[in-house]
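Residue numbering for the sequence shown follows the working numbering, beginning at 210 and increasing consecutively. For every residue, glycine included, the Cβ atom is placed at its ideal position computed from N, Cα and C. The next block holds one structure in the form of structure tokens; read it before the comments.
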Amino acid sequence: MTSITYLFLGFITAIIGALPLGTTNVAVINTTIKENIQSALKIIYTAALAEIILVIIALQFNLQI
């Protein structure tokens, strides 16, 4: 498979994975309603950083199929 195919599959998988409400999504919604958007952005940035770290680890230990 080409890199574009992997990118496309990752993009689609990320969208499907973001559809159900998880703990992070609920925390962001709850914080936005009860506090303000600035507090919610802290949660969003932290979750995004965690996802980036997971992607880097996955890319470092990928399997050639």
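Alpha helix (DSSP H) segment containing residue i, residue limits
i, result
"N239", "T232 to K243"
"L228", "L228 -> no alpha helix (DSSP H), and no H or E assigned at all."
"T255", "I246 to Q269"
Contact check, residue i vs residue j, beta carbons under 9 Å
i, j, result
"L230", "I242", "no"
"A236", "I252", "yes"
"A223", "N234", "no"
Helix, strand or coil at residue i according to DSSP, with G and I counted as helix
i, result
"T222", "helix"
"T214", "helix"
Proximity test, residue i beta-carbon vs the ligand ZN heavy atom, cut-off 8 Å
i, result
"L250", "Questions concerning the ligand ZN fall outside what the structure shown contains, since it holds no ligand whatsoever."
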